[in-house]
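So the protein sequences, as listed, match chains A and B.
Going by my numbering, the first residue of the first sequence is number 157, and it counts up by one from there.
Going by my numbering, the first residue of the second sequence is number 164, and it counts up by one from there.
In what follows, a single structure is set out as structure tokens and then discussed.
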Amino acid sequence: MLQVFTNCNLRLMWGTKYVFMVFSVLAMAGALAAILIHGFNYGIDFAGGTAVQVRFREQPQVEELRTALETAGLGDISIQRMGDPKDNEVLIRVEQQRKTTPGGGEGGQISTEIIEALRSKDERAAAQSGKIDLNMASEVEVEDWLRERLKPGAAAATAEDKTGPAAAIAAALVKYRTAHGGLFTDPAEIATVPGVTPEAAQFLKAGSFLGGFALRGVDFVGPTAGKELLRDTGLAILFSVAGILAVVWFRFHRYTWGLAAIIALVHDVTIAAGAVALTGKEFSLPVVAALLTILGYSINDTIVVYDRIRENLRLYRDVDFEEVVNASVNQTLSRTVLTSFTVFIAVTALYMYGGDKLNPLSFCLMVGVVFGTYSSVFVAAGLLVIAYKHLGARYVKT
Amino acid sequence: MDLRWRLVSILVVVGICVALVYPPAAKIHLGLDLKGGIHMVMRVKTDDAVKAEIDLSQSRIRQALGEKGLAPQQISTEGLDAMVLSGIDASRTSEARDLVRSQFQQYDVQSPGPGRLRLQLRPSEEAAIRDSAVRQALETIRTRVDKFGVAEPTIQREGIGAKAERILVQLPGVEDPERVKDLIGSPAFLEWKLVKVPPGIVAAQFRPPDKPEAVAQMFGGALPDDVEVLPQDTTSSDGRPLRVYWPVTKASPITGNDLKNARRDMDRFGQPAVDFVLSADAGQRFQTLTREHQEQLLAIVLDRKVISAPKINAVIADRGIIEGSFSLESAEDLALKLRSGALPAGMEILEERTVGPSLGADSVRKGVVAATIGSVIIILFMLIYYRLAGVNAALALVLNLLILLAAMAYVHSTLTLPGIAGIALTVGMAVDANVLVFERIREELRQGRMVKAAIQNGFEKAFYTILDSHLTTLIAGFFLYAYGTGAVRGFAVTLNVGILANLYTALFVSRAIFDTALKVNPRAERLSI
Chain A
157 MLQVFTNCNL RLMWGTKYVF MVFSVLAMAG ALAAILIHGF NYGIDFAGGT AVQVRFREQP
217 QVEELRTALE TAGLGDISIQ RMGDPKDNEV LIRVEQQRKT TPGGGEGGQI STEIIEALRS
277 KDERAAAQSG KIDLNMASEV EVEDWLRERL KPGAAAATAE DKTGPAAAIA AALVKYRTAH
337 GGLFTDPAEI ATVPGVTPEA AQFLKAGSFL GGFALRGVDF VGPTAGKELL RDTGLAILFS
397 VAGILAVVWF RFHRYTWGLA AIIALVHDVT IAAGAVALTG KEFSLPVVAA LLTILGYSIN
457 DTIVVYDRIR ENLRLYRDVD FEEVVNASVN QTLSRTVLTS FTVFIAVTAL YMYGGDKLNP
517 LSFCLMVGVV FGTYSSVFVA AGLLVIAYKH LGARYVKT
Chain B
164 MDLRWRLVSI LVVVGICVAL VYPPAAKIHL GLDLKGGIHM VMRVKTDDAV KAEIDLSQSR
224 IRQALGEKGL APQQISTEGL DAMVLSGIDA SRTSEARDLV RSQFQQYDVQ SPGPGRLRLQ
284 LRPSEEAAIR DSAVRQALET IRTRVDKFGV AEPTIQREGI GAKAERILVQ LPGVEDPERV
344 KDLIGSPAFL EWKLVKVPPG IVAAQFRPPD KPEAVAQMFG GALPDDVEVL PQDTTSSDGR
404 PLRVYWPVTK ASPITGNDLK NARRDMDRFG QPAVDFVLSA DAGQRFQTLT REHQEQLLAI
464 VLDRKVISAP KINAVIADRG IIEGSFSLES AEDLALKLRS GALPAGMEIL EERTVGPSLG
524 ADSVRKGVVA ATIGSVIIIL FMLIYYRLAG VNAALALVLN LLILLAAMAY VHSTLTLPGI
584 AGIALTVGMA VDANVLVFER IREELRQGRM VKAAIQNGFE KAFYTILDSH LTTLIAGFFL
644 YAYGTGAVRG FAVTLNVGIL ANLYTALFVS RAIFDTALKV NPRAERLSI
């Protein structure tokens, strides 16, 4: 039978626990320093601004893009390559905020400006001469354009007129484009798209062009939204911690247990957040979700250890408290390590294959899982022993 | 419970889950980040609604006091939610106070001095006004989106408690954010106001100036009390954009609230316009108005901007047309907004995200790949580590996923990108309860217990641990859901449902599988674990 720890009896308490306490204090201090000095790289969820994700037909020249955008007067810009290098994808972030006009945000306007600035001179000329950019046009735009050409005069028909060949061809084109990363790369492709009639292909050949890039997504977050999110996040963490404290107190009859568990939680979340700050990973909404998940995960681990301590305390009433804690930690060690291992596998798979959007979240979880496991033994259980010795048995015995 | 019935009940659960999930493409609702579309979070500026209430009260108070000869010389607002009436006949201040108190009970009325009254909107009233503004806005937006015709839109109120001022709108498959923003975010408050032509000018020859100060000058330096200046965006003769300013009456004899219907139409030049029908009562008023003001200009004002100011040539009753420089689309949209009613307050866009369909498809692919790789490795690991008992854990894991997806399909919860992360994490945690039980069983076996007793004890001893640990995890998950917005919520849903499913599979299903194995081989002396 395969086993991680068989009948293990490591001396994890006594002197050892102080070594780990010192390590934990240092790790937390380091994490706090990283958060306070280095700070978070806030994503637009919290910082506000506009982010535009663009995929190019050819390898994008980041410096050229930057110059083009700066010339357009868009202020502070950050450009970041995304995903696989062969995807030719970049994320452009503009922090500039403008006064919101009634009935509309500025997101669309700034993204329109970014797109304009990214276009080459030839493309701008082509667009102005009435040609349609098949990489940028939405399905509705393609449909309207086609309808006008396939059946002149039909464009003025009612908006309810959603049938006819124009709609089918537009749908086919957009479906093909979506399946190919949102981008036509070769003009010859268009005539080969299933569903495009030779007649339509003729019109498209003469009256359309392929822009150098396609818009994959636009995010706009207003300046006040971030503050509200941060506030709600703070509340969520606060209430979770309070709820957990109450449950642990109730189930273990002593608030010391709850407090020790909470200290372990704060320890894990701080270190995970510190790691995010230190690596400069984007602090986005999903990272907040990850931090809250670490809360839930870490307490889960701690409770398993606590449960065993409580059980053993009842079984061995005459044995030294520290001895009981040490034995309990040892008995649960293989479970603790195994579960962490499986969760770690899941999170690592997410980190490696989940794509850019999930990268900060899975990174944060990876750190959290490791420290959550560590803290349930060395912080949560260790603190109980320290409380027993320095505060007295009545604060700890259940 | 009899083992046979336990197995039957598990099969029933599996059957129900499969029925709920199959076919997954139709049953699992993908979120916008996976499907593509527009996601918008708006805040209802409820201050506007409070202000409107104060404005309305002011004119009513003026009228009510005027009828008794107590009209105040001046009414001024104080802050957002209070007003001060001054210049009331000093000897009758208390009479005025009692009158206002009895007729305007939404205010706390005090008399800070002779001839003065201070009215403070009660906090409970203010909260009710704000709440109803949000509810009305929600209804209006819902109507507009329905009429626009979007499949499976999400329109929700978000935020905490009575102060929830945010509205979340998600429109899958829609790609034109500018149009949508205008369609659902603009108040669409329509008013008809008479143009107050400055003295000495014939209405037909009045040309609005391009500076607001110039309007006041035309009136000899100061605008009359009942006149205000509103802008109109137009184009100059050489085609450049131009903004001109019209002097119009403050009062609006007819507003969008009086409309019975509106639809897109053509004007006599074949240009897009909006055709409207007024309610019977408003039709009467419109008739009187147009009869009494022949040859004058009547401004049509939308959200404090003049659309057009045609001359009144005929007596109009309940039908008319709104002309302006509309495109086909904008005329259609205006008609739609007018049919749906005006928003009670302005909207501020907090968040706006557009996800192209190709980006969504990529995210789904990557997320599914990551979750699959994670699951496969975990299952392999469990099989190697726990051998035959690992099959039990693997079954539990698969069933866990199935229940999770079925529950999401059943409550019509949408699967978002962070939701996929939640599922991947659930897979990792799903085996946790199994591991707890298996390790206990191993311990019991090491202590020399018989297989049957070991299994029995293992489950019993692990039970409270599993309950305790899952319960506390659920607490964190609950707050994640309660305070989370959008994507975080999607993550919380999968995580919480995953934990509940985990309780069922680990404590009930896994036990039944062990018991079945024991039944088949009751004298088992060894357990493959």
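Backbone N, C-alpha and C fix where the C-beta goes; we use that ideal spot for every residue, glycine too.
- Message: If we require 4 or more residues per run, which alpha helix (DSSP H) segments fall completely within the segment 498-542 of chain A?
- Response: 515-531
- Message: Could you tell me the alpha carbon to alpha carbon distance between A:E295 and B:P350, rounded to whole angstroms?
- Response: Here residue 295 of chain A is taken as the residue at index 139 of the first sequence, counted from 1. Here residue 350 of chain B is taken as the residue at index 187 of the second sequence, counted from 1. Looking at the two C-alpha atoms, the distance is approximately 28 Å.
- Answer yes or no: does any C-beta atom of chain A fall closer than 7 Å to that of B:I586? One-based indexing of the second sequence puts residue 586 of chain B at position 423. No, B:I586 lies away from the interface with chain A (no Cβ there is under 7 Å from its Cβ).
- Task: Measure from the C-beta of B:V527 to each C-beta in chain A and report whether the shortest distance is under 7 Å.
- Result: Position 364 of the second sequence, counted from the start, is the residue given in the question as residue 527 of chain B. No, B:V527 lies away from the interface with chain A (no Cβ there is under 7 Å from its Cβ).
- Query: How should A:Y174 be labelled, buried or exposed, when 16 other C-beta atoms within 10 angstroms of its C-beta is the threshold for buried?
  - Reply: Locating residue 174 of chain A in the first sequence gives position 18, where the first residue counts as 1. Exposure of A:Y174 is indicated by the presence of fewer than 16 other C-beta atoms within 10 angstroms of its C-beta.
- Item | Beta carbon of A:P379 nearer than 7 Å to that of A:G204 | Locating residue 379 of chain A in the first sequence gives position 223, counting from the first residue. Locating residue 204 of chain A in the first sequence gives position 48, counting from the first residue. Yes.
- Counting only runs that start and end within the segment 207-259 of chain B, where is the alpha helix (DSSP H) found for 4 or more residues in a row? 209-230
- Going by DSSP, what residues sit across from B:R686 in a beta bridge? Your numbering for residue 686 of chain B matches position 523 in the second sequence. Answer is none; B:R686 lacks a bridge partner.
- What did DSSP end up calling B:P387 once you bin it into helix, strand or coil? On the second sequence, residue 387 of chain B is found 224 positions in, with the first residue counted as 1. Looking at B:P387 - three-state DSSP - the assignment turns out to be coil, as it is neither helix nor strand.
- Rounded separation between B:F432 and B:P362 - CA only: As a working note, residue 432 of chain B is residue 269 in the second sequence. As a working note, residue 362 of chain B is residue 199 in the second sequence. Looking at the two C-alpha atoms, the distance is approximately 33 Å.
- So which residues on chain A does B:T636 lean against when the C-beta distance must stay under 8 Å? Locating residue 636 of chain B in the second sequence gives position 473, counting from the first residue. Within chain A, the residues near B:T636 are G452, Y453, I455 and N456.
- Going along chain A in order, which residues have a C-beta closer than 9 Å to the C-beta of B:M592? Here residue 592 of chain B refers to the residue found at position 429 when the second sequence is read from its first residue. Per Cβ cutoff of 9 Å: Y453, N456, T495, T498, V499 and A502.
- Message: What would DSSP say about A:K318, mapped onto helix, strand or coil?
- Response: Numbered from its first residue, the first sequence carries residue 318 of chain A at position 162. Low confidence applies to A:K318: its pLDDT is 49, below 50, so where it sits in the model is not reliable, and the reading given next is rough at best. Coil.
- Query: With 16 as the cutoff for other CB atoms within 10 Å, does B:E341 come out buried or exposed?
  - Reply: By 1-based counting over the second sequence, the position of residue 341 of chain B is 178. Exposed: under 16 other Cβ atoms inside 10 Å.
- Query: B:T517 bridges to which residues according to DSSP?
  - Reply: The count along the second sequence starts at 1 and reaches residue 517 of chain B at position 354. B:T517 is bridged to A:V374 and B:I201.
- Spatial neighbours of A:D424 in its chain, beta-carbon cut-off 7 Å, leaving aside the 5 residues before and after: Here residue 424 of chain A refers to the residue found at position 268 of the first sequence. Counting only Cβ-Cβ distances below 7 Å, and skipping sequence neighbours, we find I450, S454, G524, F527, G528 and S531.
- Can you tell me which of the three DSSP states B:R276 falls into? For this step, residue 276 of chain B is matched to residue 113 along the second sequence. Note that residue 276 of chain B is Gly in the sequence shown here, rather than Arg. Reduced to three states, the DSSP call for B:G276 is strand.
- Hey, A:A281 and A:G430: beta-carbon distance below 7 Å or not? To locate residue 281 of chain A, count along the first sequence from 1; it is residue 125. To locate residue 430 of chain A, count along the first sequence from 1; it is residue 274. No, they are not a contact pair.
- Output, in chain order, the set of chain A residues within a Cβ distance shorter than 7 Å of B:T517. Locating residue 517 of chain B in the second sequence gives position 354, where the first residue counts as 1. Near B:T517 (Cβ distances below 7 Å), the residues of chain A are G373 and V374.
- Task: Verify whether the separation of the beta carbon atoms of A:G373 and A:F202 is less than 7 Å.
- Result: Locating residue 373 of chain A in the first sequence gives position 217, where the first residue counts as 1. Locating residue 202 of chain A in the first sequence gives position 46, where the first residue counts as 1. No, they are not a contact pair.
- Report the option in B:Q610, B:P394 and B:I217 whose CA atom is closest to the CA atom of B:S239. As a position in the second sequence, residue 239 of chain B is number 76, starting the count at 1. Minimum Cα distance to B:S239 is reached at B:I217.
- Using the Cα positions of B:L568 and B:I586, report the straight-line distance between them to the nearest angstrom. As a working mapping, residue 568 of chain B is identified with position 405 in the second sequence. As a working mapping, residue 586 of chain B is identified with position 423 in the second sequence. Each residue's alpha carbon lies about 9 Å from the other.
- Item | Residue environment, A:F406, which counts as buried when at least 16 other CB atoms sit within 10 Å | The residue you call residue 406 of chain A lines up with position 250 of the first sequence. Exposed, by the Cβ-count rule.
- Item | Rounded C-alpha distance that separates A:A322 from A:G363 | Working through the first sequence from its first residue, we reach residue 322 of chain A at position 166. Working through the first sequence from its first residue, we reach residue 363 of chain A at position 207. Cα-Cα distance, rounded: 15 Å.
- Message: Only counting the same chain, and skipping five residues up and downstream in sequence, which positions put a Cβ closer than 7 Å to that of A:A328?
- Response: Translated into the one-based positions of the first sequence, residue 328 of chain A becomes position 172. Within the same chain, A:A328 has close Cβ partners V349, P350, G351 and V352.
- Nearest-angstrom Cα separation, counted from A:R333 out to A:A417: On the first sequence, position 261 is the one that residue 417 of chain A refers to. On the first sequence, position 177 is the one that residue 333 of chain A refers to. For A:A417 and A:R333, the distance between alpha carbons rounds to 52 Å.
- Contact with chain A by B:G433, beta-carbon distance below 7 Å: The count along the second sequence starts at 1 and reaches residue 433 of chain B at position 270. Closer than 7 Å: no.
- Item | Neighbouring residues, chain A, relative to B:L580 (Cβ below 7 Å) | Counted from its first residue, the second sequence places residue 580 of chain B at position 417. The contacting residues are K513 and L514.
- Message: Let me see if you follow: with CB-CB separation under 7 Å, is A:T334 close to chain B or not?
- Response: As a working mapping, residue 334 of chain A is identified with position 178 in the first sequence. Taking Cβ atoms only, chain B reaches closer than 7 Å to A:T334, which makes this a yes.
- Can you pull the chain B residues whose beta carbon is under 8 Å from the beta carbon of A:A392, in chain order? Here residue 392 of chain A refers to the residue found at position 236 when the first sequence is read from its first residue. What A:A392 touches in chain B: F642, L643, A645, Y646 and G647.
- Message: Let me confirm a value: B:M510 is counted as buried when at least 16 other C-beta atoms fall within 10 Å, else exposed. Which label applies?
- Response: Walking along the second sequence from the start, residue 510 of chain B turns up at place 347. By the neighbour-count rule (16 or more Cβ atoms within 10 Å), B:M510 is buried.
- Item | A:A323 at chain B interface by Cβ criterion, 7 Å | Locating residue 323 of chain A in the first sequence gives position 167, where the first residue counts as 1. Using beta-carbon distances, A:A323 does not count as an interface residue toward chain B, since no partner is under 7 Å.
- What residues in its chain sit with their C-beta under 7 Å from that of A:G263, if we drop five residues either side in the sequence? Numbered from 1 along the first sequence, position 107 holds the residue referred to as residue 263 of chain A. Residue confidence for A:G263 is low, a pLDDT of 46 falling below 50, so the modelled location carries little weight; the figure read from the coordinates is stated next. Excluding positions up to five away in sequence, the list reads T206, V374 and F376.
- Name the residue from B:A245, B:L491, B:A472 and B:Q450 whose alpha carbon lies nearest to the alpha carbon of B:D428. By 1-based counting over the second sequence, the position of residue 428 of chain B is 265. From the listed residues B:A245, B:L491, B:A472 and B:Q450, the smallest Cα separation to B:D428 is found for B:L491.
- Message: Please confirm whether B:S490 has its beta-carbon closer than 7 Å to some beta-carbon of chain A.
- Response: Translated into positions along the second sequence, residue 490 of chain B becomes position 327. No, B:S490 lies away from the interface with chain A (no Cβ there is under 7 Å from its Cβ).
- Query: Once you ignore the five residues that flank A:S370 on each side, which residues in its own chain have a CB closer than 6 Å to its CB?
  - Reply: Residue 370 of chain A sits at position 214 when you count from the first residue of the first sequence. As written in the sequence, residue 370 of chain A is Ala, which differs from the Ser given in the question. R211, N291, G338 and L339.
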